[in-house]
Amino acid sequence: MPEVRLEKVTKTYGKITALRDVSLEIHSGEYLCIVGPSGCGKTTLIKSIAGIVQPDSGETYINGKSVTPLPVEDRGTGYVFQEIALFPHMNVYDNVSYGLMVKGESVDGRRGTVTEMLDMLSMRESSKFLPSELSGGARQKTAIARALASGSTLLLLDEPLGALDFKVRTVIRYELKRLVKGLGLTAVHVTHDQEEALSIADRIIVMKAGRVVEVGPPDELYLNPRNLFTAKFLGEANFFACRVLGLAGKTCRVDVGGTMLSIKRREDLDLKPGEDCVVAIRPEFVKLVHGRRSRANTLQGTVREESFLGDARSYGVETLNGLKAQLKVPASEEEPDIRVGDEVGIMLPEEHMLIYRYPPEGLEKELALE
Amino acid sequence: MRLAKRFGRTRALEDVTFEVKDGEYLCVLGSTGSGKTTLLRLIAGIIKPDEGEIFMDDERVNEVPAEERNAVYVPQTYALFPHMTVLENVMFGPMARQTPAKEASEAAMRVLKLVRLDHRADAFPNELSGGMQQRVALARGLAPGFKLLLLDEPLGALDARLRLELRGELRRLAKESGLTVIHVTHDQEEAMTVADRILVLRMGRVQQHGTPFHVYNRPENIFVANFVGRTNFLEGIIEARNREKSTVNLRGNLSVNVADTSHEDEEDVIVAVREENTLLTSDDPGEGRNVLDGEVTQIYFLGAYIRLEVKLRNGDVVSSLMPTDILLGKFRVSDRVWVSFYPGSALVYDYPTLGLRHELEAY
Amino acid sequence: MAGIIHSFSVLMDNISSKSSAKKLVYAGAVFFLVAFILLPPILGISFKFNLVSDVLNNGELMARAEGAIFWSFAVALTIALFDLVAGLPMAWFIARSSSNWVSVIDALVDIPFVIPTVALGFSTLLFWTGSNSPIVFLGIRVAPGLALILLLHFAFSFPVIVRVMVGELLSYKGVYETAAKTLGARAFTVARTVTLPILRPALIAAFLLAFARSLSETGATIIVAGAFENGPVFIKNAKDAGLEGPMVLVSFTLILASIAVFALIRVLGTRLKIPVRSAYPRQEGALSSRRSVRLRDATTMVIFLLFVLIPSVFITFPAIEAATDGTLGRALSGVGIWSNYWQAMGLSYLIGVIATLINIAAGLPVAILIARRRLGKTLTTLLEAAVNVPIVVPSVALGVSLSFFWRSFSFLPEFWVLIFAHTTITYTYFVQAMAASLEGIPTEMEETARTLGSKPLNVFRRIIVPLTKYSIFSGAILTFTRSVDETGATTAVADQLKTAPVLLVSWVKHTVPATTSDIALGISFLVLTSFASLLVLRLLVYRRR
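Residue numbers (our numbering), protein chains in the order written: chain A, 3 to 372; chain B, 61 to 423; chain C, 108 to 652.
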């Protein structure tokens with residue numbers, strides 16, 4: 003089972019730097035997801051592991067061996083393309099057996115492995131169909147089967163579910179992970195869908211503009227992101243510029259638009275009083291408080307927008323000191339009793355608030371997705 | 061603008077009839093092949109219906125060519141004219157209607173300002189990012205001043221995260237400009253967030269037409285209940301019935317009560333409960349609710365929510381979706397749990413003739 | 108004035124909205140196709156069909172006729188095959204190699220394609236048979252006849268294969284090859300199991316194009332044929348002898364047979380299933396090695412230089428000599444045979460321009476019909492087949508038929524018969540080029556433009572034309588060049604009037620007293636103008652990139 007290591011890999015295309023000094027490790031048997039906005043370099047990254055793209059500098063190791071000089075056909079990595087790329091002139095069976103055929107296996111020798119793969123993905127009955135005769139989901143499964151059947155233990159997946167409809171995606175992604183884990187493979191799955199990554203990854207790598215922003219398990223990256231961009235990209239968040247007032251024990255006090263808030267202090271961030279910072283809180287953690295009781299970390303404001311999300315309702319509240327906050331409240335089946343124009347209090351629980359240094363290039367630029 | 065349509069058998073749509081009100085934001089929701097793009101193109105006048113009529117403002121427009129329908133079509137690929145600048149693209153509509161160049165240019169700049177792209181007026185489409193191209197396509201659609209906007213998967217080409225950000229803007233823009241919008245999508249979350257009303261299509265037929273609240277809380281059939289939102293489905297038979305509730309016998313002799321009384325005794329039914337209404341507790345919650353015990357088989361972290369898969373005593377599998385801060389760290393795989401839901405949370409449907417599996421599929 | 112133009116264009120725009128106006132334009136174009144392009148060849152033959160019986164009774168003539176027809180097809184099929192085998196590695200080199208020589212070779216490969224075939228014929232003749240040739244110096248002399256014809260046809264069909272395959276290889280989605288490589292396949296295996304099977308339609312198309320070119324070519328073949336006869340040579344000889352019967356018989360057979368062979372190859376080619384069953388990693392790996400690739404490229408270059416390029420440009424030597432030995436002076440002052448020459452050049456260009464303009468006007472609507480599949484699947488396929496007829500059928504046979512047809516309208520001057528003949532021959536090139544280019548514009552663009560309020564004519568003017576104008580230009584240049592180059596139909600049709608290439612053939616055959624210097628120079632002028640067209644085409648293409 004391979005362990006992959008990248009050391010300071012860089013790749014430029016003319017004026018665009020797709021990968022900037024990227025170093026990372028992929029552990030044996032793990033299901034790793036790489037997420038990031040368009041153009042962040044995630045596809046270039048797995049292409050360079052596969053050898054499809056040659057980095058300008060840096061080293062790539064698979065199982066401790068340097069593969070940097072090796073061409074694609076010698077690297078032994080299974081790749082599932084975003085465009086799926088099934089051979090249009092071959093049926094499902096031939097597509098899946100291609101990897102074995104190429105290694106010189108006889109027609110009989112291949113049969114066992116190929117039928118096993120097809121069974122695992124429930125594609126046995128479709129084995130005589132051409133790609134053009136299959137649905138999007140079936141094509142996707144065939145592409146995965148083809149990569150698996152070639153015998154590689156490292157699977158590289160480029161937006162493998164991109165061609166599928168919303169609903170179908172949310173179901174197949176678990177099947178994919180189950181399959182990979184069941185076979186004991188290592189998978190690197192690139193996606194722009196952060197919810198997809200959160201739901202199936204063992205670890206997530208967040209990238210932006212050619213660099214690795216943060217790495218970690220889903221719950222950690224979601225609940226305690228160390229980087230501002232991670233907080234923004236994985237899920238939704240409210241961001242408020244603020245200034246550090248003081249630090250005491252496990253708490254940090256900040257001034258947000260004239261109001262004082264208490265935040266759980268971060269050990270890894272050495273903030274000084276007077277320093278500019280940014281605090282963030284996810285919409286589902288902001289609580290509605292009725293009445294005008296003054297409580298810690300509570301702001302008063304007016305409801306400006308409201309929308310129904312099915313299992314929840316989203317409210318946009320503008321506070322008295324000019325902050326705009328989004329809340330997400332689980333929906334009940336009756337009509338809600340909060341309307342646009344109502345005056346409400348919102349509470350920002352200390353334990354769910356996140357704090358960051360103010361980004362040198364400005365908040366908007368740091369959070370930009372394009 | 062009111063729109064009514066009646067179609068007979070076309071290859072893509074069958075018997076589709078509905079109305080859109082002036083200034084309404086309608087989302088047509090369906091998966092690939094449901095006919096939603098065909099619907100849009102019929103309204104735009106790009107193709108003709110085999111049967112049926114289309115009315116705009118009470119006028120029959122079946123024979124009116126596309127260029128005279130006053131409805132702008134924005135395809136999923138945006139179809140920006142690559143040989144023209146952003147400004148020239150946006151000016152195209154007004155110019156095509158004989159507006160003098162100077163006026164057209166001013167109108168175009170006004171709209172570009174609305175979408176915050178006035179500073180890129182001289183750029184060519186291929187120099188812009190996906191999100192920017194989408195805004196140019198919108199601006200181009202707004203410039204001629206038509207009242208009806210037809211959007212085919214307007215956010216489909218964009219990143220998931222970007223989509224989240226831009227959908228609110230889409231609706232805001234439409235409302236500020238007083239437009240009627242028909243927005244086609246396969247993303248039910250998107251539809252729920254932006255629409256005034258949703259039209260759900262499946263294999264060319266209308267499944268339901270109503271507000272997001274209505275479609276979500278009172279889905280008319282199993283397909284809609286599954287397609288919109290996350291739902292658990294359990295097979296059962298009506299055992300007993302009184303004026304307030306029915307008792308359903310699930311597989312393995314598990315019994316639940318539901319508030320629905322419209323089904324007869326001995327009828328085969330499907331009980332549907334939303335995953336967020338399927339609550340999880342570590343001990344018996346007692347009276348008032350339906351309680352089923354089982355074992356946790358999977359735990360999924362979804363960010364704001366955690367989803368647990370539970371295998372009930374009778375072999376059925378249900379999922380429970382609950383906010384992260386409530387569930388985090390509370391359960392582990394193979395823990396024994398109690399799953400419960402209120403009788404009022406359950407929806408009951410006739411057992412489908414073609415079987416449950418078939419109903420759950422989009423095609 | 109501007110106001111009038113403006114109102115006129117508004118009027119035209121509004122008219123274009125009406126479906127009746129649109130239908131009229133398309134109907135007119137299809138009518139032109141049927142009435143001017145398709146029917147004349149079919150009917151022309153039938154007018155003189157009674158003459159066939161004379162030939163059928165003449166044993167000697169029949170033997171000659173059968174032989175000529177047989178050899179036309181035998182040569183064409185063999186050549187297309189050889190060219191495919193030799194041309195594919197060249198196409199691969201141009202499309203895939205990272206060598207610095209690629210653009211040079213790319214340009215060189217085009218030369219035999221662009222040079223008028225008359226020039227190729229004479230150049231080939233000089234290279235393989237002339238006393239000044241290095242080959243002859245080494246003791247190898249290929250006499251005019253079958254062998255020389257094979258060498259000639261190999262040279263001028265070679266670029267056809269390369270051109271088509273380079274285009275396909277460049278536009279083909281490389282992701283299939285990458286996918287194969289990630290599954291462990293070496294380069295040769297990938298080519299054999301993935302690339303070539305996927306490109307099979309292109310291979311067939313290239314094969315058929317080379318086949319058609321060989322079958323059709325007249326002028327150069329006459330130059331190198333000697334006493335040998337294939338179809339076109341036989342027809343020319345029959346015409347010179349005043350025997351219409353044999354002309355009709357052979358033309359008719361050639362037309363029918365070529366359509367049949369084309370259809371057969373097309374259908375069989377796509378149906379033939381060659382399953383990919385096994386791979387031989389070691390051997391194919393060796394074939395993929397750098398050394399093998401270098402060997403392959405070297406062999407390809409040698410074949411190209413020796414059999415294609417040098418024979419094609421060999422004429423430059425006598426041409427340079429002609430420029431210095433006084434011939435140039437005589438040529439430019441129009442002395443003796445040269446006055447006819449310049450007349451002929453003028454005629455060639457005039458015909459070329461008129462034929463091109465007619466084709467643009469009549470061909471564009473048909474191209475739109477094909478590209479946008481407005482008539483539904485079956486009718487569009489039929490239309491495409493109809494459009495393809497003029498290049499499937501040998502141009503000399505087409506010419507014979509056309510001349511019989513149009514001459515029955517005795518009031519029609521020969522000039523116009525020539526115009527119609529050239530229009531027919533070149534029609535396909537323009538329509539195919541335009542249809543391909545139009546298919547590249549997504550229909551959504553037009554649809555969206557219409558919903559923005561733009562009438563169809565406005566959509567055409569402001570969207571379609573700007574996006575296809577390079578294709579319109581290159582289609583026009585292709586058509587023009589082909590017309591100037593044309594020898595087949597012109598040979599069959601012309602009595603009094605001579606276009607430049609036909610005139611030059613008569614110079615070579617010594618029916619007119621002309622020295623080698625005269626011929627070389629005359630051909631060079633023709634070549635230079637073709638080169639000028641090629642240059643314009645290249646510049647257009649590079650500007651696009």
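Ideal Cβ placement from N, Cα and C applies to all residues, glycine included. Keep in mind that this is a model prediction, so the values were computed, not measured.
Under a 10 Å Cβ-count criterion, A:Gly186 is classified as exposed, with fewer than 16 other Cβ atoms of the shown protein chains found around its own Cβ.
When 7 Å is used as the limit between beta carbons, C:Thr296 is near these residues of chain A: Val104, in chain order. Straight-line spacing of the CA atoms in B:Leu198 and B:Ala164 works out to 16 Å. Taking 8 Å as the cut-off, the Cβ atoms of B:Leu177 and B:Arg200 do not count as close.
Considered as a whole, the stretch 560-642 of chain C harbours 563-566, 572-592, 595-600 and 607-615 as its complete alpha helix (DSSP H) runs of no fewer than 4 residues, in chain order. In the displayed model, A:Thr14 falls within a strand according to three-state DSSP.
A straight line joining the alpha-carbon of B:Thr321 with that of B:Glu327 spans about 12 Å.
Chain-order list of chain C residues neighbouring A:Ile54: Thr285, Lys288 and Thr289, by C-beta distance under 9 Å. DSSP places A:Leu185 in the helix class (H, G or I) of the three-state scheme. In this chain, the alpha helix (DSSP H) harbouring C:Thr289 covers Val282 to Thr289. The stretch 253-262 of chain C and the stretch 228-245 of chain C touch, with three or more beta-carbon pairs separated by less than 8 Å. Taking 4 residues as the shortest admissible run, the stretch 131-155 of chain C contains the following complete alpha helix (DSSP H) segments, listed from N- to C-terminal end: 146-154.
Under DSSP, the beta-bridge partners assigned to A:Thr300 are A:Met349. Distances from the CA of A:Thr232 to each of A:Val104, A:Ile51, A:Val24 and A:Ile283 were compared; the closest alpha carbon is that of A:Ile283. In the structure shown, C:Val249 falls within a coil segment according to DSSP collapsed to helix, strand and coil.
Short of 6 Å from the beta carbon of A:Leu123, and not among the five residues preceding or following it, lie these beta carbons of its own chain, in chain order: Lys143 and Ala147. Counting only the Cα atoms, C:Val566 lies some 19 Å from B:Leu202.
Per DSSP, the continuous alpha helix (DSSP H) segment holding B:Arg200 begins and ends at Gly190 to Leu202. Close CB contacts of A:Leu102 within its chain, under the 8 Å cut and outside five residues either way in sequence, are with Gly111, Arg112, Thr115, Val116, Ala151, Ser152 and Gly153 (chain order). Using a CB distance cut-off of 8 Å, B:Gln194 does not count as an interface residue toward chain C. Taken in chain order, the stretch 178-220 of chain C contains no complete alpha helix (DSSP H) segment of 4 residues or longer. Under the three-state reduction of DSSP output, C:Leu375 falls in the helix class.
If the five residues before and after A:Glu308 are omitted, its C-beta is found closer than 6 Å to the C-beta atoms of Tyr317 and Val342, all from its own chain and listed in chain order. Interface criterion met: the Cβ of B:Gln158 is under 8 Å from a Cβ in chain C.
Taking A:Leu72 as reference, the option from C:Arg293, C:Leu140 and C:Val132 with the minimal CA-CA separation is C:Arg293.
Taking a 10 Å sphere around the C-beta of A:Lys44, we find 16 or more other C-beta atoms and assign the residue as buried.
The beta-carbon separation of C:Ile548 and C:Ile571, rounded to 7 Å, stays under the 8 Å limit for a contact. Burial is judged here by how many other beta carbons sit within 10 angstroms of a residue's own beta carbon; C:Tyr536 has at least 16 and is buried.
Between the beta-carbon of C:Leu259 and that of C:Thr231 there is about 5 Å, and that keeps the pair under the 8 Å contact cut. Of all residues in the stretch 539-566 of chain C, those with a C-beta nearer than 8 Å to a C-beta of chain B are Pro549, Glu551, Met552, Glu554, Thr555, Ala556, Arg557, Thr558, Leu559, Gly560, Ser561, Lys562, Pro563 and Asn565, reading in chain order. In summary, C:Thr533 is buried, with 16 or more beta-carbon neighbours lying within 10 Å of its beta-carbon over all protein chains present. Of all residues in the stretch 224-252 of chain B, those with a C-beta nearer than 8 Å to a C-beta of chain A are Leu224, Glu225, His246, Asp247, Gln248, Glu249 and Met252, reading in chain order. B:Gly264 counts as buried, since no fewer than 16 other beta carbons sit within 10 angstroms of its beta carbon. Between C:Val271 and C:Ala313, the C-beta gap is smaller than 8 Å, which places the two residues in contact. In the three-state DSSP reduction, B:Arg334 falls in the strand class (E or B).
For the pair of segments examined, the stretch 145-164 of chain B was found to touch the stretch 551-569 of chain C: the number of CB pairs separated by less than 8 Å reaches three.
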